[in-house]
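Those protein sequences? They're chains W and Z, same order as listed.
Mind the numbering: the first sequence is residues 87 to 529 in this note's numbering, read in order.
Mind the numbering: the second sequence is residues 19 to 516 in this note's numbering, read in order.
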Amino acid sequence: MMPETKTAPKQHYLADLAGVPMNGRPAWLNALRADATARFQQAEYPHVRMEAWRHTNIAPIVNTPYASAIAPTPHGLTRNAVGDKLFGGDWIELVFVDGWFAPDLSRLSAMVPDMYAGSLHEVLGSPDAALAEPHLGKVLRGENAFTALNAAFLRDGALLHVPANMVLQTPVHLLFLSTGRRERLAAHIRNLLILGRHSQASVTVTYAALSGDADYLNNVAEEIVLGENAHLDYCKIVNEGASGNHLAVTECLHARDSRCRAFLATVGGRIVRNEHRTRLEGQGAGCDVGGLYLNDGQRLIDNTLHILHAQPQCDSRIHCRGILNDESRAVYLGKVHVLRAAQKTDSNQLNSTMLLSDKAIIDAKPQLEIYADDVKCTHGATVGAPPPELVFYFRSRGMDEATARAMLTRGFAEEAIGDVKPEAVRDRIRRHILEKYGAKRLG
Amino acid sequence: MKEPSAALEQAAYGGSRVERSNREVAAMADREYKYGWTTDIETETIPKGLNENIIRMISEKKGEPEWMLEWRLKAYRRWQECVEPKWAKVVYEEPDFQAIRYYAAPKRRPQLNDLSEVDPTLLETFEKLGIPLEEQKRLSGVAVDAVFDSVSVATTHKDILAKKGIIFCSMSEAIREHPDLVQRYLGSVVPPGDNFYAALNSAVFSDGSFVYVPKGVRCPMDLSTYFRINAADTGQFERTLVIADEGAEVSYLEGCTAPRRDENQLHAAVVELVAHKDATIRYSTVQNWYAGDKDGRGGIYNFVTKRGKCLGDRSRISWTQVETGSAITWKYPSCLLMGHDSVGEFYSVALTRNRQQADTGTKMIHIGRNTRSTIISKTISLGQSDNSYRGLVRIMPKAENARNYTQCDSLLIGNHCGAHTFPYIDARNRTASVEHEASTSKISEDQLFYCQSRGISPENAISMVVNGFCKEVFDHLPMEFAVEASKLLSISLEGSVG
């Protein structure tokens, strides 16, 4: 029987919260934090008797007394040591270590005037805090105890501001490293991306572990605001350590004619939940959410995708693929919600999962909730193993079974990443696919 | 001169048709319920409310043996620990379980040997409902068991069935006459504590039908039950048990109606099907309980647990349902596919209008090897109704080569209704192949235009499109029911858009 999460303690978080200084911060921020603290105290931790968490048991996280990273500690890392996690080249790269901005590892030389990319913590202590005020904490609606906790701490994370009419040619990389040097550390990471009207940007967010086996928690909340006709390429790669946990809620608010192409790749972590919420609140807005989850061992990956069609003539597309091996488990929930006003909605979603082992479990829930009559909404889901006919085809051409299976598996995964941009990100995801499903690995 | 393309556009999207269809939707929403009358017949009832004494009273009135009473009391105690399910996408006022009368029966009811001994008023009632018991007696068509309020009033064709060794009788009779079968199977598919309403039903169920088809027998006629709620403040809690022994085959139909009342009435039935090796059970429902008036006043709360067990290898259970009534529907006919190579099927049409709410679907649990299931669900929403499909397909680790195909299509007519799909797919075996497809749309303007350009009125055009939309499901209904279902659908769409 799983441990009860309802009565799990909150004191350790509350004690850490009491240690966060209030001075030097704008009054609205302190009010926002106090409000969130109150909500956290009232909220139940998510548990499997809640419909939205029915197949995602996070009791191991809830019942671990994580210590929160309320202040930065010296990390002693060099750019060389973390080089393989960076993209280099002409990228704008912001590196965070255990939730705190590390300017010495970051590379900001490619920044252009008028844009801002930097530490949220720093901005909030400066007069520029006004940049964040209209949006911070106001976009996120999908709240649970952990997002409330995230807002209550509101320590560090990235702030990206692309002003109106700017087309940002250089891609931005936000890299969050977990060192694992402190056992049971919780980092409450907050990102805010603001794209002004007619602007364009490409942002890749990576969560990666530096070493081994530490048990830690990344409690992530991301808010994305897209102005009229803004275009964003957003890619998230979650590669937490073998005992690292990742609970994230990302909410993207669309104004008229804005577009977001999002991709969520999950390759590592003990319990990972990506809750990606899109609100199409302007006419003609659209989004395209892709996903790939590669799971093995006894790990759990949950992709919960919500798309709200609030205005007419919006379109959305979800294409999420996964491969499960060993005793791993994945949850997919795709919910498209079409409000009465959202006539002429065009939406489709597809979830395909390949099971490589008899002990792997997939729970797929593609859902539609529709209140408008002039819409075109479809969804599909498939679950299965590589078809024996295809394996036979390969074998009849002289390939051994392991190679055949590995190629089919890789091909299945590759199909999901075709549209990922920029190229460097796609290559990186491809590298993860190869690492996991090279011929030798699958035997 | 007007451009021809503009004229076409005017015809396809312009005001006149939209206005007309709006009028038609409004007219349809106003249509009244055909079976809304009550029968003035003296009934024997018990006090309102629910406690152990009431259960003892029900059991005593029905002359049940001690083990049955014990079974009921155990279920009652389980019910007290159960929590009312809240996950369905329906909004309603929780029924007050102490304000319901749990037993009502037509009075003057000595042991009936023949239909001629049945109260004539009652027979008239069934005539009015379109179940000609008298006629049925003569023509070899469908054997009918009619349940009025709480008790079964007549079962036809018993003799013919008895010759084949088929038992088709009311549940109370089965408890008296065939206690060994009832004890063996009752609660074996839906255990008394399965869920809130199943527990309630197990404690207070009053009657229902019992069917047993012995080994190798193919039931020569369709069996049918008609349910009718008549008395005020009563709930109907029937229990149906259908058992098909090895190699047997049976087709079972049920239909239901209730009078118009401003209060909500509760209907919480349990249906259990058991299919042994090589057996086939087809279970069809045409549900037309009173749905409440256009403002959502009154109507039946239809909270039903239906489940079938494909116990033996190569057994097959097929559910077909046409749901047009009830204020609230909460119903998931399910299949436990335990035997190897067993097959589960679910075909459903659910139509909601006015302020009806339906949350319905199925569960297919694949346990044995090479099990297959098919789910075809068609939902149609009109007026201000909400219609959800909720289905679970679970492939257990030992279910090698399990296959499932699911298709859910929703049709929205008017822009104040909602159509939702909530499928759950849990796969635990890599050889599983699960496919799910769903779509939501309105009636295509192109199709309507095509029909109209061939001289078909908009009303008939819509009716044609909707009937075509449901055809896949109607094809699986027995002849008589397919006709009735099609009629029901056109009544619901009468003077409207289909």
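C-beta: ideal position from N, C-alpha, C; glycine also.
*Cβ of Cys463 (chain W) less than 8 Å from any chain Z Cβ?*
On the first sequence, position 377 is the one that residue 463 (chain W) refers to. Cys463 (chain W) counts as touching chain Z.
*Give, in chain order, every unbroken run of the beta strand (DSSP E) that is at least 3 residues long and sits entirely within the stretch 324-367 of chain Z.*
334-341, 346-349, 352-355
*Anything in chain W within Cβ reach of Tyr423 (chain Z), meaning under 8 Å, just list it in chain order.*
Here residue 423 (chain Z) refers to the residue found at position 405 of the second sequence. What Tyr423 (chain Z) touches in chain W: nothing, since even the nearest Cβ is about 10 Å away.
*Can you list, in chain order, the stretches of the beta strand (DSSP E) that have 3 or more residues and sit fully within the stretch 351-399 of chain W?*
The stretch 351-399 of chain W contains these whole beta strand (DSSP E) runs: 357-366, 372-381, 386-395.
_For Lys421 (chain W), list the residues DSSP reports as bridge partners._
Residue 421 (chain W) sits at position 335 when you count from the first residue of the first sequence. Partner(s): W:His392, W:Gln453.
*Using a Cβ-Cβ cut-off of 6 Å (strictly less than) and excluding sequence neighbours within five positions of Asp404 (chain Z), which residues of its own chain qualify?*
Position 386 of the second sequence, counting from 1, holds the residue named residue 404 (chain Z). The answer, listed in chain order, is Gln375, Gly436.
*Checking contacts by CB at 8 Å: is Gln369 (chain W) closer than that to chain Z?*
Along the first sequence, one-based indexing puts residue 369 (chain W) at 283. No - not a single Cβ of chain Z is within 8 Å of the one on Gln369 (chain W).
*Please classify Ser190 (chain Z): is it buried, with 16 or more other beta-carbons within 10 angstroms of its beta-carbon, or exposed?*
Translated into the one-based positions of the second sequence, residue 190 (chain Z) becomes position 172. Ser190 (chain Z) should be labelled buried.
*So, helix, strand or coil for His613 (chain W), using DSSP?*
No information on residue 613 (chain W) is available, as it lies outside the stretch 87 to 529 that chain W covers here.
_Nearest-angstrom Cα separation, counted from Lys507 (chain W) out to Asn433 (chain Z)_ = Residue 433 (chain Z) sits at position 415 when you count from the first residue of the second sequence. Residue 507 (chain W) sits at position 421 when you count from the first residue of the first sequence. About 39 Å.
*Beta-carbon neighbours of Thr449 (chain Z), restricted to chain W and to distances below 7 Å*: Translated into positions along the second sequence, residue 449 (chain Z) becomes position 431. The contacting residues are Ala471.
*Endpoints, the beta strand (DSSP E) within which Phe186 (chain Z) is located*: Along the second sequence, read from residue 1 onward, the residue named residue 186 (chain Z) stands at position 168. Per DSSP, Phe186 (chain Z) belongs to the beta strand (DSSP E) from 185-188.
*Extent of the continuous alpha helix (DSSP H) to which Glu490 (chain Z) belongs*: Taking the second sequence and counting its residues from 1, the one referred to as residue 490 (chain Z) is at position 472. Where Glu490 (chain Z) is concerned, the enclosing alpha helix (DSSP H) stretches over 476-492.
*Who are the near neighbours of Val208 (chain Z) in its chain, counting only those whose CB is closer than 6 Å to its CB and skipping five residues on each side?*
Mapped onto the second sequence, residue 208 (chain Z) falls at position 190. Hits under 6 Å: Ala216, Val288, Glu290, Thr323, Arg325.
*Output the residue ranges of the alpha helix (DSSP H) runs that lie fully inside the stretch 425-499 of chain W and measure 4 residues or longer, sorted by chain position.*
Segments of the alpha helix (DSSP H) lying fully in the stretch 425-499 of chain W: 474-482.
*Run the CB neighbour count on Pro199 (chain W), radius 10 Å, all protein chains shown included, and call it buried at 16 or more, exposed below.*
Walking along the first sequence from the start, residue 199 (chain W) turns up at place 113. It counts as exposed.
*So which residues of chain Z does Gly466 (chain W) contact, with C-beta pairs closer than 7 Å?*
To locate residue 466 (chain W), count along the first sequence from 1; it is residue 380. The answer, in chain order, is His454, Glu455.
*Select from the stretch 416-446 of chain Z all residues with a C-beta closer than 8 Å to any C-beta belonging to chain W, and list them in chain order.*
Ser428, Leu430, Ile431, Gly432, Asn433, His434, Cys435, Gly436, Ala437, His438, Thr439, Phe440, Pro441, Tyr442, Ile443, Asp444, Ala445, Arg446
*asked:* Give me, in chain order, the residues of the same chain whose beta-carbon lies closer than 8 Å to that of Leu180 (chain W); leave out the 5 immediate sequence neighbours on both sides.
replied: Sequence index remark: in the first sequence, residue 180 (chain W) carries index 94 (1-based). Within the same chain, Leu180 (chain W) has close Cβ partners Phe187, Ser192, Leu194, Ala203, Gly204, Ser205, Ala244, Val258, His259, Leu260, Leu261.
*In three-state DSSP terms, what is Thr439 (chain Z)?*
Along the second sequence, one-based indexing puts residue 439 (chain Z) at 421. Three-state DSSP puts Thr439 (chain Z) in a strand.
*Between the stretch 453-460 of chain W and the stretch 475-491 of chain W, do at least 3 Cβ pairs fall closer than 8 Å?*
No contact exists between the stretch 453-460 of chain W and the stretch 475-491 of chain W.
*Would you say Asp299 (chain W) faces chain Z, with C-beta separation under 8 Å as the test?*
Translated into positions along the first sequence, residue 299 (chain W) becomes position 213. When Cβ-Cβ separations below 8 Å define contact, Asp299 (chain W) makes no contact with chain Z.
*asked:* Is there a C-beta anywhere in chain W that falls below 8 Å from the one on Ala503 (chain Z)?
replied: Sequence index remark: in the second sequence, residue 503 (chain Z) carries index 485 (1-based). By this cut-off, Ala503 (chain Z) is not an interface position.
*Just by C-beta distance, which residues in the stretch 96-109 of chain Z are closer than 7 Å to chain W?*
Those residues of the stretch 96-109 of chain Z that come within reach of chain W (Cβ to Cβ, closer than 7 Å) are Trp105.
*Ile448 (chain W) and Ala445 (chain Z): beta carbons closer than 8 Å?*
Translated into the one-based positions of the first sequence, residue 448 (chain W) becomes position 362. Translated into the one-based positions of the second sequence, residue 445 (chain Z) becomes position 427. In contact: Ile448 (chain W) and Ala445 (chain Z) (Cβ atoms closer than 8 Å).
*Bounding residues of the beta strand (DSSP E) (the contiguous stretch that carries Val148 (chain W))*: Looking up residue 148 (chain W) in the first sequence gives position 62. Here Val148 (chain W) belongs to no beta strand (DSSP E); instead the alpha helix (DSSP H) covers 145-148.
_Endpoints, beta strand (DSSP E) assigned at Ala120 (chain W)_ = As a first step, residue 120 (chain W) is located in the first sequence; it is residue number 34 there, counting from the start. Premise fails: Ala120 (chain W) lies in the alpha helix (DSSP H), 113-128, not in any beta strand (DSSP E).
*Going by beta carbon distance, what residues of the same chain come within less than 6 Å of Ile517 (chain Z), once the five residues before and after it are set aside?*
A query on residue 517 (chain Z) cannot be resolved here, the shown segment of chain Z reaching from 19 to 516 and no further.
*asked:* If contacts are defined as beta-carbon pairs under 8 Å, then His405 (chain W) and Leu436 (chain W) qualify, I think. What distance do you get, rounded to the angstrom?
replied: The residue given as residue 405 (chain W) occupies position 319 in the first sequence. The residue given as residue 436 (chain W) occupies position 350 in the first sequence. Confirmed, about 5 Å.
*Using 10 angstroms around the beta-carbon of Met497 (chain Z), count the other beta-carbons present and answer buried if the total reaches 16, otherwise exposed.*
Within the second sequence, the letter at position 479 stands for residue 497 (chain Z). By the 10 Å Cβ count, Met497 (chain Z) comes out exposed.
*For Asp464 (chain Z), which three-state DSSP category applies?*
Translated into the one-based positions of the second sequence, residue 464 (chain Z) becomes position 446. Helix at Asp464 (chain Z).
*Does any residue of chain Z bring its CB to less than 8 Å from the CB of Leu386 (chain W)?*
Your numbering for residue 386 (chain W) matches position 300 in the first sequence. It does not; no Cβ of chain Z falls within 8 Å.
*Measuring alpha carbon to alpha carbon, tell me which of Z:Arg371, Z:Gln116, Z:Lys92, Z:Lys182 ends up nearest Pro65 (chain Z).*
The residue labelled residue 65 (chain Z) in the question sits at position 47 within the second sequence. For the residues Z:Arg371, Z:Gln116, Z:Lys92, Z:Lys182, the minimum Cα distance to Pro65 (chain Z) belongs to Z:Gln116.
*Just how far apart, CA to CA, sit Thr164 (chain W) and Asn360 (chain W)?*
Taking the first residue of the first sequence as position 1, residue 164 (chain W) is located at position 78. Taking the first residue of the first sequence as position 1, residue 360 (chain W) is located at position 274. One C-alpha to the other measures close to 30 Å.
_Short-range partners of chain W found in the stretch 451-485 of chain Z, where Cβ spacing is below 8 Å_ = Cβ contacts with chain W: Ser451, Val452, Glu453, His454, Glu455, Ala456, Ser457, Thr458, Ser459, Lys460.
*For the beta strand (DSSP E) that contains Gly292 (chain W), what are its first and last residues?*
In the first sequence, counting from the first residue as 1, residue 292 (chain W) sits at position 206. It is worth fixing the name first, because residue 292 (chain W) is Thr in this sequence and not Gly. Element bounds for Thr292 (chain W): 286-295.
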